[in-house]
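Written out below as structure tokens is the structure these notes cover.
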């Protein structure tokens, strides 16, 4: 129940136990093609978008976006927390202008505020974070994009804790770059940064940019196109085994059905929240419409969250620390993504009740688990 | 018998079959510490060097070196082939001055030539490639460094096809940055760029640099230090499972003994070369003292190397294409690194003889395999 | 949550992923020795007992007991259910006299009744079942043995659903043959019948017997002794990979501590029973002192147990059918052995509540899971 | 290169890494059906034969044949070595009459001799061994059966080292019981005895027999029929994971094509023999028409075979000891079955040459490997 790497199906892990697969093997070429096509479905895009898998993870995918930007261009960062904030130091390593709109912890920047700022003019790009991993807040991407689509060239959405667990319609919503990482709701190990670029984004890729070498998507574009055509491609060695595992994961996602998968995440998230509130605790995300399917921040009153994390691990549950600086020492996070089930929700709430009570927090043992169960049954 | 990813021991792969290991789990923290300490041995450095494991691979390790360089500084690239050449476009993405010394294919840049160029003055850094993966040529690193050590600030060695299979004494030789990737002679899957930085290099890390965000080693330094002290560290999610596998690989290397491992590679390489010459073919590397323990380029006369590669894979042997543009279509490569054994050498030569003969190349079937066997027996 | 094969730790399963281990490999010899020694601890015996691992499982271990019996000898079978009953047809395939004492379903044969029957004289051997897998009833082995020890030559206890989860003191109690299978509370895959024979039993092995060939323990004895001395042994090929897995399992049991393991099973069993009763259902085992740590039979009132089993499997929980003919169609079984945790208990009860309610059974959703949680917390 | 358990494909081993598969899971039911159907192809029989998978291995399959025999019936054992001989003590544990015809080591009992003996009358059954694992001799089953088919009720063939690597046409040849084990040429781990019974054999199963309980095929028959109909079946717990692995193995056999598989074994065997003779040694099997595709016995002149076995294992090759008492200390065996390839043949010969030479045997280093290579090329 970590925010990532998440619990992974054995079937996915075992797909990586291949001791003789080089980057020019037919097996790898096939897996790459399968993976690139599978990502389109998860991102809600069609063939007009090009999907990419590059080395690294969420941060490499984010930084690769600078290969779409030219010297001096202005970017608006819409940040709901730590991972939204990350865009700022990242972009500032390059000769770009960067402005940031920040939400209070547990809240999101209202779409109107984004619209207002963009209306001032001069912005080439806007970045936002679909689900803010540090707080579990889901941003209203669709509405925000609708308000600004005509006024900026590039709309970039970080879907790291969203893709595979939340509804994503990057094309319908008008998103130019939707990105994620392999180790979150896609349920594979970490090691890959994943993106889809719209035609408009691909067009911008043709020109000069401020980017470095490895994360310059121009270097990766022909590689991806080759793999989709069943041919070899090479720029820098991809994590072959992770690709095999992610391809298997996408196969299992297809088998489950993306809608079923999203519904499962929604159900588990609902049970987790019911359990947390049932035992008498509060959730970091303030507004119900912004509750995410993947991360729930839990505010504690008396105990040290670090002690909670150590104690639950002895009961077989790994949770994640709170990382929002404004809530330092006051919360921890439950990740519920990937292959998570209602059984995990029940067990997590049960462990939390017992551990928190033992550590002196004022929780009602038995009530959280009952509430989670009723949420699952209804 | 690929140049990488190489054949991997099952024990290494199975170390990654862990479905519940997050980046804050004690198991991961322990593996990171073990890995960072193990790398010191492989690189021939002591605690005055800091080892790093970052996302990516050889290229990310190379590009992270720019976090040691300031605007306008001048770098000399000593290139013996494709991967030496790669430094040029990489460094030129940054505001640096770059000069390149190039060897003929199959040869290396003489140490004296490097000394001459450096003597002209103005260079902050020199890069060289320990084993050039595109041709299998080993560069005389020790001698080259000796001639230039006093004249430049930073000496950077790309040990991608060397570390774990060739003698490496980065500290004794006076190398500031020795780097490699997980998927070559270390015998783990790809996904990690690995480096060791000398005190001088660490000192340079303190100042401003031209680097981007993800590959800025300043962001990774505290993470590595934490892990070595058994504490959590986080900047960007590392490929947890690959770390577990590399830690296992380094454990097996320790068990085998680094010297035994190097001797094994040397023996296998010798058998491969004897086999290639025994069947009547020529090797890309021109000078015997520059034969590497890890890669052998084989020049063919009549057949299309691409057809050889397709045919050998049906016989259970995966080889690598030749990639040096000046030898286009005239050679292929045998990788012999990682967990490679004399049995692999014999089987590879046997398959090559049969496949080449079938494709019409003028080889003596039975003679190569006999020569390889005699090389192993002597 | 099956009665076996049970859920198995990945670490155990991966110990079997060895593609080159023959029955004469040092690795196998070592694993055999380790396993045979580890079994002594689990059975509560010392070096005066010889442990055995033979092909098959519980039934082969049971049938191998005939290699201790001579033509015409008389055996008393003490049966508390289906697996106790199995001794009858089994023994009757041989020229032996067989009498059976049977308990009502959910109950056990009182030790006094066994004493009374044995007192009639003429019995060479008595068999009993430590935990009757068909009903979850634990037999009072210690007391029963105490009453008959002086009157029979051989006391045989089937510990198939007991060893590794219940307190077993075969030597202190005076048991001559204690047997089990690999796939139950020892937490490994099926494929091995396991026994410990006392000195008295080993003495009987010397003579002629009624047994067949493969299950004649005289053929296996020198093999086991060889392996314990680190030497090769061969009579009939053992399931090499299963041995590697069981050896790993016994290593993990040692690491956990046998007492901790038994306490864990006891805790989980208590939570399961609290959950079953909390939701309003009855348990097959009638007397609390005979509740086992490993199997709980659950009586349903309205629904078809077969439908329950199909439905829970869709929720990720596999349960076992009821097999006692006298309770046909009226119950199912929850297995809770091996690597089972409190989290499994909570999740199982939660799934059962929801599934049973959906199928129309009159259960109180939320109350079972709350009761199980309170049982775990107290 | 052992005679079994043999080297196993990772794909087969990984099919067994399932931690939640009980004997009533749909996955297991499906695998059983698949396996039982797959065995028919390997045995060369149609639906008029019933295939069985029982616990144990070759010996349990052999002993289960007594469930077709009645008290006092007479059996002729045709033995070409140790495993042929095994029928005698096995059958003599039961009230049967047993006669044995024995071949010299390295030879087989001539079909005419079998015919002569059977013609004397009184025999209910004849057993023979398709490939005698102790010497590598293949028996002329087809011809032998032709000569006796009309004179006995039951013809039983032990195909332990044959099925999956030699041509088997049990139905066309008129064999009533063809049996094997999972760990030989079928390329799965040990743990299962496998049989096919003709209609005539199934008819005999209806009556009383001399068999014990576990190996009484009457107990297993309804179980097998259930599984083939996609229903649950239970008599005694089967090694669930081994079944999953064997089902995968049979799937791979089907993919390879049975004829291709037999041809591959034939080719590897030919290369092995050419290599052995090329280095100057002799083969145990005396007559070329009786060379098997799966086992080659190698006679040494000076060295101790036990030392050869220890030495080759350090070179990554596991061979098997010689076990024929009449050739004690004079030979060792090379197993070449399962997933064995020409590369294994070449590597084995190369290792043998070097090891034998080092131990002082008079072999021609380089000549064996050359001869093996030429045998593969031709």
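Protein chains in written order, with the working numbering: chain A, 26 to 403; chain B, 26 to 403; chain C, 26 to 403; chain D, 26 to 403.
For every residue, glycine included, the Cβ atom is placed at its ideal position computed from N, Cα and C.
Predicted, not measured: the structure shown is a model, and the values here were computed from it.
In the structure shown, the three-state DSSP call for residue 398 of chain C is helix. Fully enclosed alpha helix (DSSP H) runs of no fewer than 4 residues occupy 107-110, 112-117 of the stretch 85-140 of chain C, in order along the chain.
Burial state of residue 233 of chain B is exposed, judged by a 10 Å Cβ sphere holding fewer than 16 other Cβ atoms. Sequence-ordered contacts of the stretch 240-254 of chain A with chain C are nonexistent [C-beta pairs closer than 8 Å]. Remark: three or more beta-carbon pairs, one from each stretch, lie closer than 8 Å, so the stretch 321-333 of chain C and the stretch 305-313 of chain C are flagged as touching. Proximity of residue 44 of chain B to chain C, defined by a Cβ-Cβ separation below 8 Å, is satisfied.
For the stretch 346-371 of chain A, the continuous beta strand (DSSP E) assignments of 3+ residues that do not extend past its boundaries occur at 356-360, in sequence order. The beta carbon of residue 343 of chain D sits no closer than 8 Å to any beta carbon of chain B.
For residue 169 of chain C, the enclosing alpha helix (DSSP H) stretches over residues 166-173. Pairing residue 172 of chain D with residue 198 of chain D, the inter-Cα distance amounts to about 11 Å. For residue 58 of chain D, the enclosing alpha helix (DSSP H) has its first and last residue at 51-68. In the three-state reduction of the DSSP assignment, residue 334 of chain C falls in the helix class.
Residue 257 of chain D has its alpha-carbon roughly 37 Å from the corresponding atom of residue 46 of chain B.
Around the beta carbon of residue 247 of chain B, a 10 Å sphere encloses fewer than 16 other beta carbons of the protein chains shown; the residue is thus reported as exposed. When C-beta atoms of the stretch 263-271 of chain A are compared with those of the stretch 332-339 of chain A, fewer than three pairs fall below 8 Å, so the two segments do not count as touching. Beta-bridge annotation (DSSP): residue 219 of chain D is paired with D:78, D:205.
Distance from the Cα of residue 238 of chain D is smallest, within the candidate group D:222, D:250, D:260, D:253, for D:260. With respect to the 8 Å criterion, residue 388 of chain D and residue 378 of chain D are classified as neighbours on the basis of their beta carbons. In this structure residue 201 of chain B is buried. Its beta-carbon is surrounded by 16 or more other beta-carbon atoms within 10 angstroms. By the rule that beta-carbons nearer than 8 Å mark a contact, residue 142 of chain B does not touch chain A. At least 8 Å separates the beta-carbon of residue 75 of chain C from that of residue 219 of chain C. Judged by their CB atoms, residue 242 of chain D and residue 82 of chain D are not nearer to each other than the 8 Å cut-off. Between the alpha carbons of residue 303 of chain D and residue 390 of chain D lies a distance of about 9 Å. Taking all protein chains in view, the Cβ of residue 347 of chain B is crowded by 16 or more other Cβ atoms within 10 Å, so the residue is classified as buried. Boundaries cannot be given for residue 160 of chain A, as no alpha helix (DSSP H) includes it and DSSP labels it neither H nor E. Look at the stretch 94-117 of chain A: the residues with a C-beta under 9 Å from a C-beta of chain B are 111, 114, 115, 116, 117. Rounded to whole angstroms, the Cβ separation of residue 93 of chain B and residue 250 of chain B is 17 Å, and the two are not in contact under 8 Å. Contact between the stretch 127-138 of chain B and the stretch 168-186 of chain B is present, with at least three C-beta pairs closer than 8 Å. With respect to the 8 Å criterion, residue 177 of chain D and residue 39 of chain A are not classified as neighbours on the basis of their beta carbons. When the beta-carbon positions are compared, residue 300 of chain C and residue 330 of chain C stay at least 8 Å from each other. Listed by position along chain C, the residues whose Cβ is nearer than 7 Å to that of residue 85 of chain D are 80, 239. Residue 103 of chain D sits close to residue 139 of chain D, with the two beta carbons spaced by under 8 Å. Nearest to residue 384 of chain D by C-alpha distance, out of B:370, B:402, B:395, B:373, is B:402. Judged by DSSP in its simplified three-state form, residue 249 of chain A adopts helix. C-alpha of residue 349 of chain A to C-alpha of residue 128 of chain A: approximately 12 Å in a straight line. DSSP links residue 150 of chain C through a beta bridge to C:100, C:179.
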